[in-house]
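Read through the structure below, which is laid out as structure tokens, and then see the notes.
In the UniProt record's numbering, the protein residues as written are 1 to 260.
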């Protein structure tokens, strides 16, 4: 990720997943083989999540309009377990506009910024005390104009008799976490801006949710504050920026690098 030729937001990480495990001692060599160039160079680093997945993120966000190329020369690169790479890959993508969203749980507002300037303010509702939303910065990972959501898949309840059971389709859904956090419209909360009524999602009105869906892109950062739940895990979606820069560098073979 991101897909070849895609246009993504400024918080989008580069995610490389390996079929076989990589030994810790081989990380540096593999990172060296993944050459990054950008039309506007950035300082960033690779970070390993386990032994099969490595992600790159800039120290700060990507510059808007940046053109990025990943040239992964894996042929004959060793993984530390006696295996060598057999293919090389070239992957290109661009960074779109600088759209950032800031959601305040306590103020019931969702604010959208473009190039640092406030563009829209929407009334919104976030998670209830029993089902609080995740805090932290999560880049948009998926969009669906009519998302099928269930309380069972979200890990809330599979008991159809429970008052917290739900199974339905919700329009203009923008995914923030793999565990089931979305920004979307809910007919159970059609006029948000005054309560804590969701099971962890962020509710917008129907017209606001449609506007948001149509303007936001994969990789745009969404920051939620004021929830008691704490930050989303960095692997729960595209939440790389929930680690500090020093934490990010701890699982890097090469450490901080600058793209060409």
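Heads up, the beta-carbon is just placed ideally off N, CA and C, and yes, glycines get one too.
Asked: Check whether chain B comes within 8 Å of residue 125, counting only Cβ atoms and requiring the distance to be less than that.; Found: You won't find chain B in this structure, because it holds only one protein chain.
Asked: Do you know how far the Cα of residue 186 is from the Cα of residue 137?; Found: 23 Å
Asked: Report the residue ranges of all alpha helix (DSSP H) runs contained in full by the UniProt domain "L,D-TPase catalytic" (99-225); include only those spanning at least 4 residues, in chain order.; Found: 206-215
Asked: Leaving out five residues before and five after residue 104 in sequence, what residues of the same chain have Cβ atoms less than 7 Å from its Cβ?; Found: 225, 226
Asked: To which residues does DSSP link residue 43 through a beta bridge?; Found: 258
Asked: Assign residue 252 to one of three DSSP states: helix, strand, or coil.; Found: coil
Asked: Grab me the residues of residue 157's own chain with a C-beta within less than 6 Å of its C-beta, minus the 5 sequence neighbours each way, in chain order.; Found: 151, 164, 165
Asked: With a threshold of 6 Å on Cβ separation, who are the neighbours of residue 171 within its own chain once the five nearest residues in sequence on each side are excluded?; Found: 146, 185
Asked: Between which two residues does the alpha helix (DSSP H) harbouring residue 229 extend?; Found: First-last for residue 229: undefined, no H or E at that position.
Asked: Compare the beta carbon distance of residue 53 and residue 14 with 8 Å and say whether it is the shorter of the two.; Found: no
Asked: What does the Cβ neighbour count give for residue 101, buried or exposed, with the cut at 16 atoms within 10 Å?; Found: buried
Asked: May I have the straight-line CA-CA distance separating residue 6 from residue 206, to the nearest angstrom?; Found: 28 Å
Asked: Helix, strand or coil: which one does DSSP assign to residue 62?; Found: coil
Asked: Would you mind sorting residue 260 into buried or exposed? The rule is 16 or more other CB atoms within 10 Å of its CB.; Found: exposed
Asked: Report all residues from its chain with a CB closer than 7 Å to the CB of residue 249; omit the five preceding and five following residues, and keep chain order.; Found: 45, 255, 256
Asked: Tell me which residues share the same chain as residue 109 and place their Cβ nearer than 8 Å to its Cβ, disregarding the 5 neighbours each side in the sequence.; Found: 103, 121, 122, 123, 124, 193
Asked: DSSP beta-bridge partners for residue 71?; Found: 35, 90
Asked: Starting from residue 8, follow its DSSP beta bridges and name the residues at the other end.; Found: 95
Asked: When the Cα atoms are used, what is the spatial distance from residue 95 to residue 231?; Found: 25 Å
Asked: For residue 200, which residues from the same chain have a beta carbon less than 6 Å from its beta carbon, with the 5 sequence-adjacent residues on both sides left out?; Found: 127, 131, 133, 181
Asked: DSSP on residue 28, reduced to helix/strand/coil?; Found: helix
Asked: Is the region 59-72 close to the region 34-48, with three or more CB pairs under 8 Å?; Found: yes
Asked: What residue does the beta strand (DSSP E) around residue 17 start on, and which one ends it?; Found: 14-17
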